[in-house]
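Numbering (UniProt numbering) for the sequence shown: 1 to 622. Report on the structure given below.
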Amino acid sequence: MVAFKTSTQRVHPWIRAMWLFYYEYLGIQNSYDVKWSTEPASWRPTSKLQLKKNMTEVSKNEDSSANENLTQFMITIYPTTGLIEVQGNAYQSFVANDIPLLLKCVNKMIIDQQFSSKDTNDPNNNVNIDQEKTVLKTVQNKIVKNSDTKKSSDTTNVKESQLLKTLEQSTQVNDSTLNTSIQSPDSISILEDNCVKAIDKIETVLIKNVNEKLSVVIKTHTMALEEQSIMLKQCMAEIQNKQVNATLEKKGQTSLESENVKLKSRIDASQLKIETLNNSIQHLRSDYELKLEMSKSEISHLRQDNQNLKVKLSGTQNDCQAEIDHLRYIIKSKNEEIERLEGTAKALRETIDQQQDAIISIKMQPLPQRSYDSYDNFQNVASTSKAKDVNKSPNKVETIPKNKNLDTVNKPKSDVNQKPKVIIVGTSNTSRLNTNFLSKNFTTTKYTAFHLEDTAKTIEELKLSPAPNVIVLHSLTNSLKDNSADNCVTKLDNIVQTTNKKWPSCKVVISLATVRKDKDTYNNQVHLVNALVRNHFIKYNFVSLCDNDNLATRGKPIDRFIKDDGFHLTDQGVARLASNIKRSCEEILNCQPSTKSSKKPYNYNNQRYGYYYGDYWGDRWN
C-alpha cells in the first residue's frame, strides 16, 4: 500500500483528475474495468463533519487464463483530511505510471479554471505537488486466515526524494501519452463539465443519505455492542471453565494458560471495539440531544404562539358574544313589534272582512220592484192618443220612445240581437267560469288548454265561421313552471301571430299569469313573465292585456283567492278572474259596462247563491 497527503483545497482537483482519467478516459475502453463508488459498505466517520469517503476502484482486465486477482489497485480518498491511499498488488505501477499524468491534470485544472482562489492565490499552497509535503508510506498488509495463522508482508518506506525522482522519470516517459490524451481543449472542457456534474451528484447523494446512514450506523453499532457483550460473557465463562479445569488437571495447565492468553487477547480486542462503539454512540447521542433541545425550543415558541392565539380568540369570542346578545335583544324587540303589528293587521283584516261581508249582504238584498210596465202603459197611451190624433188630423205623426236608442230603431231586429262573439282558451281556472252570466254585451265560448303548447294546438284546430271578435288566452300560469320567462313570451307571441293570420279582424286579450303561493320562486317567475309580456306586446294595437293583480296584495297572493295547493283559484278567485276578463273584453269591444241585473234568479234548491264583485254577478261553484 502507498499513501500520500495533499491539502484539503486540492482534494477536489485530485478527485476530478481521477474521475477524468480513470472513469471517463480508461472506463470507456474495453480493456479496462473501472468502478467508482461513493458509498462503501465499511464506511466510518473520519472527522466531526461526518463526510462520506469518496472511493475509486480501478481494475484492469487481463487474460481469462490467468488465475491471479484481476484487481490491480484500489484508490481511497479522504476529502476531510486530504489523504489518498492506493492499495492492491500493482500500487507501484500507480506510482510509476499514473501519478505523473494525474499531477499534470491537477495542475492544468488549477491554472486554467482557478478551481479555488484560496488554493491558487495562497503562497503557502503551491501549484506543483513537488513543493508540497508529500508523505508516502508502505504499510503492512495483514491477511488473517482461519483466525489462527497470520502472514505479514514486507513493509517499505519510500522517501520523498525517491518518489519525486520516480515521478520526474515517469513524467518524461509519459509526456507523449498525456499530450495525446488530455491536451485537447474541447475534451478537457467536456471532462471538466462531467467532473463538476459528478461532484455535484456525489454531494447530493451524501446530503440525501446522511440521516439514513446515521440510523444504520447506530443500529449496526448497537448490534455489534450486543455481539461483543455476548462474546465477552462467553469468554468469561470459558475462562472460568478453563480455570476450574486447570486446578483439577495439572497436565493441561500449560495448554490452559495459552488458551487463557488467547481469550484475554480476544477480550481486550472486544473491549477495545466496545469502547469504540460506545464513543460513536455517545457522539451520535450528543447530536440527537442537540437536535432534541432545538426541537424543544421550537415547540416552546409554538406553544407561546398558541397561547397568544387562544387569548386573542377568547377576546374575539367575548366581543362576538356581546354582539350576539345585543342582536338577540334587537331581534326580540323587533319580533315583539312584528307580533304587535300582526295582531293589529289581523284585527284590521277581520274588520275589513266584516265590512266586505256587510257590503256583500247589502248588495245581495233584492232591489225594490221598479215599474217596468210604465213603458208599456206609455206606449199604449201614446198609441191611443196617436190614433185619436190621426182621426182628428189628416197628418200622421210617428212617436219614438224616449228611452230607446236611435240606432236600434234604424237597424233590423236580427242585427240588434246579434252580439259579439268571445272565445276563451285557458286552464282549469277558466273552465270553471259560468259563461251564461259573464256579460250581456257578448256571447262566450270556452276551451280548455292547460299549457301554451295546448293553446297553440287548439287555435290551429278551431274552425269558426264567422270569425270571433275576441279571443282570450289564459295559459301562462301553468307554462312558467317548466319554461323560462323568455321562452314563455316567445311561445305566446307565436300564438298571437297565428291567431292574427287566421282571423285578421279578431282582437286578442292576454290574461296575465295569476299569483302562486306554492313556491316563492314560482311567484317571482309570475311577476317576471307578466313584466316581459307587458313590455313585449305593447307594440300590437290588436292585443289587450287582462291584469290579474287584484288577486294579490303587494305581490303576495291573498289566501281567500288561492287554494291550498298553491296555484288553483278558489270560488272567490274564479269570480275575481271572471270580472277581470269581462272588463278587458268590454274595453276592447268598446261596449258600455253592464250594470247589476235586478232579475238575477236565486236557486236555493241547488244551494247556489250569487256573489257580486264589482260589476259582475258570479255564481259560486262547489
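Even for Gly, the Cβ is constructed at its ideal location relative to N, Cα and C.
Taking the alpha helix (DSSP H) that Glu461 falls in, what are its first and last residues? That run of the alpha helix (DSSP H) goes 452-461.
For the segment 209-217 against the segment 17-36, are there 3 or more C-beta pairs whose distance is under 8 Å? In this structure the segment 209-217 does not lie against the segment 17-36, because fewer than three pairs of beta carbons, one per stretch, are closer than 8 Å.
Sort out for me which residues DSSP pairs Pro79 with in a bridge. Per DSSP, Pro79 has no beta-bridge partner at all.
What residues match up with Cys546 in a beta bridge as DSSP calls it? Looking at the DSSP assignment, Cys546 forms a beta bridge with Ser511.
CB residue 703 to CB Pro557, shorter than 8 Å? Any answer about residue 703 is impossible in this case: the structure gives the chain only from 1 up to 622.
Answer yes or no: do Leu263 and Ile230 have a C-beta to C-beta separation smaller than 8 Å? Taking 8 Å as the Cβ cut-off, Leu263 and Ile230 do not qualify as a contacting pair.
Figure out for me which residue from Thr254, Thr222, Leu256, Val261 has the closest Cα to the Cα of Leu277. It is Thr222.
Between Asp565 and Asp518, what straight-line distance do the alpha-carbon atoms span, to the nearest angstrom? Approximately 7 Å between the Cα atoms of the pair.
For His221, write down the residues that DSSP places opposite it in a beta bridge. DSSP output for His221 lists no bridge partner at all.
Ala347 (DSSP reduced to helix, strand or coil): Residue state, collapsed to three classes: helix.
Could you check which residue in Asn429, Cys546, Gln572, Thr570 has the C-alpha nearest to that of Ile581? Ile581 has its Cα closest to that of Cys546, out of Asn429, Cys546, Gln572, Thr570.
Rounded C-alpha distance that separates Glu336 from His301: Glu336 and His301 have their C-alpha atoms some 52 Å from each other.
DSSP bridge partner residues for Val470 (one or two, in chain order): Within the DSSP bridge table, the entry for Val470 names Val422, Lys507 as partners.
Could you check what DSSP says for Tyr522 in three-state terms: helix, strand or coil? Here DSSP, grouped into helix, strand and coil, assigns Tyr522 to helix.
Taking the straight line between their C-alpha atoms, what separation do you get for Lys440 and Leu532? Spanning the alpha carbons of Lys440 and Leu532 requires a straight line of approximately 33 Å.
Under the three-state DSSP convention, the category Thr553 falls into: Correct three-state label for Thr553: strand.
As assigned by DSSP and simplified to three states, the class of Ile207: Here Ile207 carries a helix assignment [DSSP, helix/strand/coil].
Assign Phe537 to one of three DSSP states: helix, strand, or coil. In this structure, Phe537 counts as helix in the three-state DSSP scheme.
Per the DSSP calculation, Thr448 is bridged to which residue(s)? DSSP lists Gly426 as the bridge partner or partners of Thr448.
Look at the alpha carbon of residue 635 and the alpha carbon of Tyr25, and state the distance between them as a whole number of angstroms. Since the first residue of the chain shown is 1 and the last is 622, residue 635 is not available in this structure.
What does the alpha-carbon distance come out to for the pair Asn436 and Gly343? CA-to-CA, the gap between Asn436 and Gly343 works out to about 42 Å.
Neighbourhood of Lys165 by C-beta, 7 Å cutoff - its chain only, sequence neighbours within 5 removed: With a pLDDT of only 48 at Lys165, under the threshold of 50, the placement of this residue in the model should not be trusted, and no figure is reported.
Environment of Arg349 [buried if 16+ CB atoms lie within 10 Å]: Flag for Arg349 reads exposed.
Contact between the segment 500-511 and the segment 532-544: three or more CB pairs below 8 Å? Enough Cβ pairs lie closer than 8 Å, so yes.
Whole angstroms are fine: how far does the CA of Leu20 sit from the CA of Pro13? Cα atoms of Pro13 and Leu20: separation of roughly 10 Å, rounded to the nearest angstrom.
Tell me the DSSP bridge mates of Thr443? Partner(s): Lys421.
Please identify the residue among Lys35, Tyr540, Leu225, Thr8 whose C-alpha is closest to the C-alpha of Ile588. Comparing Cα-Cα distances from Ile588 to each of Lys35, Tyr540, Leu225, Thr8, the minimum goes to Tyr540.
Tell me where the alpha helix (DSSP H) around Pro13 begins and ends. That run of the alpha helix (DSSP H) goes 11-18.
Find the nearest neighbour of Cys105 within the set Ala485, Thr80, Gln282, Arg10, judged by alpha-carbon distance. For the residues Ala485, Thr80, Gln282, Arg10, the minimum Cα distance to Cys105 belongs to Arg10.
Let me check one thing: in DSSP terms, what residues is Ile562 bridge-paired to? Looking at the DSSP assignment, Ile562 forms a beta bridge with Leu569.
Beta-carbon gap between Val526 and Leu480 smaller than 8 Å: Result yes, Cβ atoms of Val526 and Leu480 sit closer than 8 Å.
Neighbour-count burial assignment, Asn292, 16 or more Cβ in a 10 Å radius: Looking at the sequence itself, residue 292 is Leu, so the reference to Asn does not match. By the neighbour-count rule (16 or more Cβ atoms within 10 Å), Leu292 is not buried but exposed.
Taking the Cβ atom as the reference point for each residue, do Ser428 and His568 lie within a distance shorter than 8 Å? His568 sits close to Ser428, with the two beta carbons spaced by under 8 Å.
Assigned secondary structure, Ala578 (DSSP; H/G/I helix, E/B strand, else coil): If DSSP states are grouped into helix, strand and coil, Ala578 belongs with the helices.
Count the other CB atoms within 10 Å of the CB of Ser505; is the residue buried (16 or more) or exposed (fewer)? If you draw a 10 Å sphere on the C-beta of Ser505, you find fewer than 16 other C-beta atoms in it, and that means exposed.
Enclosing alpha helix (DSSP H) for Thr8 [first to last residue]: In this chain, Thr8 is not harboured by any alpha helix (DSSP H), its DSSP state being neither H nor E.
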